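Take the sequence shown: its position 368, counting from 1, is numbered 368 in my numbering, and each next residue is one higher. The C-beta atom is built at its ideal place from N, Cα and C for all residues, glycine as well. Keep in mind the model is a prediction, meaning the values are calculated, not measured. A short write-up of the structure that comes next.
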Amino acid sequence: MQKHLSLFILFFLVSFLVFGQSAGDDSASRLAGRAIGNTPLMSDLQELCDSIGGRITGTPACDRAIEWGVKKFKQAGLQSVDTESYTVPLLWIPNSAEASVTSPEKFSIRIAAAPFSPSTPSGGLEAKLVDAGEGTPEDYKKLAESARGAIALIQTKEMKTLGDLFAEYMRNNALMDAAQRAGVSAVLLQSTRPRGLLYRHPIAFGGSYSPMPVAVISREHAAHLARLAAQGEVRVKLSLQNKTGGAYESKNVIAEIRGTDKANEIVVLGAHLDSWELGTGAQDNGVNCALVIDVARAFQQLGLHPRRTIRFALFTGEEEGMRGSAGYVHRHAAEMDNHVAMVTFDIGSGKTTGFYLNGREELRKPINDILTAVAGLGTMDHSNEGVDGTDNYDFLLSGIPNLVANQDAAPYLPDYHAESDVYEMVDAREARAN
Ligand SMILES: [Zn+2]
């Protein structure tokens, strides 16, 4: 039943936004009924993950994903499908990352370069390792001059909740600031996921690189190094080679179904197409791109003619700081007042439990009214909190009513930006339901 509950919820919501009609309306029921059946949602996702794979904005893989998105909307029968370019302020593409302990023992260490880390010198850098605790100014004070020129090891707590994950992002500036003041040559940041798992954790946003090379080191190797460093001098060799550069162009995929009598009122349904590349970007966010494509396909298959215009958007540049959606809002500034709603999904295939209203308390009642059609199947709990980590953000800043699906994050968090974010981790049942 949960499957049908969530499925009804999205389709009733979309139907209401574009038809301007209440739940129970025939179009909404037809959409929901069609989605219960077999759809190509999972085969689309498999194609994206297995044939294209990880797709960092600015790479050939991302360009292929953009072409794939265009092809999918055209195959779905949409007449108006195009790409829209925008500027990403800073290029960052990883090439290689290697690290090893050179003394007192020799062994290699599992690391992944942190996005927006500069490269080390081409031959790598070798230095003494210091245990910088949690990387606070007080931790560096204890190390005094011994931190200068050293590679700092920063230890972390295991990430268990979405709150922990946001806290990781929030402390990056303070971490980098303290490390820079201490004069360290590089930072090894302990993975917050156990069992050797590595991930791309952006260390800097806002159009600049971190002040020194930074890599995520496996949780277990970090603990090992800390124990060795407590006993005597440990030396580490680190080589990070990343392609960096200035501003460049990328593209969003925008497909449109033109409305009938309210065509100048626009509803955007979007998800981000780009991903980090250690895995294949299945949960984050391929599955929800497949979802957006499937909603477009559903309208075409059923021959539905919405009163309002629907724009289906596959944004890129999200992982670089929501650059694609910002580019959309910038490009369409003159018609932003015609945008009546924006809806996005970006928490993998977790069950939708409600929507983030993003400060729009007045949306709660109309959304609940739409959902009365499925009230017997369970309740939705909406949050009025504002979400600032995905593609709704620039719509929010522009005053457009925007909804982010509040999904169960538990199945998504362990694989977030990690090597394990691959097709088989997606819950096909919940993905279809969403
Ligand atoms: Zn995402």
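Under 8 angstroms: do the stretch 256-274 and the stretch 305-318 share three or more Cβ pairs, one atom per stretch? Cβ pair count under 8 angstroms is three or more, so yes.
Helix or strand or just coil, what does DSSP make of residue 299? In the three-state reduction of the DSSP assignment, residue 299 falls in the helix class.
Alpha carbon to alpha carbon, what distance is there between residue 262 and residue 438? Residue 438 lies beyond the stretch modelled for the chain, which goes from 1 to 434, so this question has no answer here.
Is it the case that the CB of residue 272 approaches a heavy atom of ligand 1 more closely than 7 angstroms? yes
For the stretch 264-338, which segments carrying the beta strand (DSSP E) assignment without a break, of at least 3 residues, lie completely within its bounds, in sequence order? 308-315
Quick one: residues with CB closer than 5 angstroms to any heavy atom of ligand 1, in chain order, please. 284, 285 and 346
At a cut of 8 angstroms, does the stretch 359-368 reach the stretch 286-299 through at least three beta carbon pairs? no
Closest Cα partner of residue 349 within the set 396, 318 and 286: Measuring from the Cα of residue 349, the nearest candidate turns out to be 286.
Are there 16 or more other CB atoms within 10 angstroms of the CB of residue 264, so buried, or fewer, so exposed? exposed
Unbroken alpha helix (DSSP H) runs of length 4 or more, entirely within the stretch 355-426: which are they? 364-371 and 393-397
Give me the Cα-Cα distance between residue 24 and residue 30, rounded to the nearest whole angstrom. For residue 24, the predicted model reports a pLDDT of 45, less than 50, meaning its position is unreliable; a value from the coordinates is still stated below. When rounded, the distance between both Cα atoms is 10 angstroms.
Cβ-Cβ separation, residue 184 to residue 144 (assumed contact under 8 angstroms), whole Å: Wrong, their Cβ atoms sit about 13 angstroms apart, outside the cutoff.
According to DSSP, is residue 27 helix, strand or coil? helix
Considering only the beta carbon of each residue, do residue 217 and residue 239 sit closer than 8 angstroms? Their beta carbons are not under 8 angstroms apart, which means residue 217 does not touch residue 239 by this criterion.
Buried or exposed for residue 397, going by 16 or more other Cβ atoms inside 10 Å? exposed
Can you check which of these residues, 172, 158 and 57, is closest to residue 314 by C-alpha distance? 57
With H, G and I counted as helix, E and B as strand and the rest as coil, what does DSSP make of residue 52? helix
Local Cβ density within 10 Å of residue 302, reported as buried at 16 or more and exposed below that: exposed
Exposure of residue 180, with buried meaning 16 or more beta-carbon neighbours within 10 Å: exposed
With DSSP run on the structure shown, which of helix, strand or coil describes residue 180? helix
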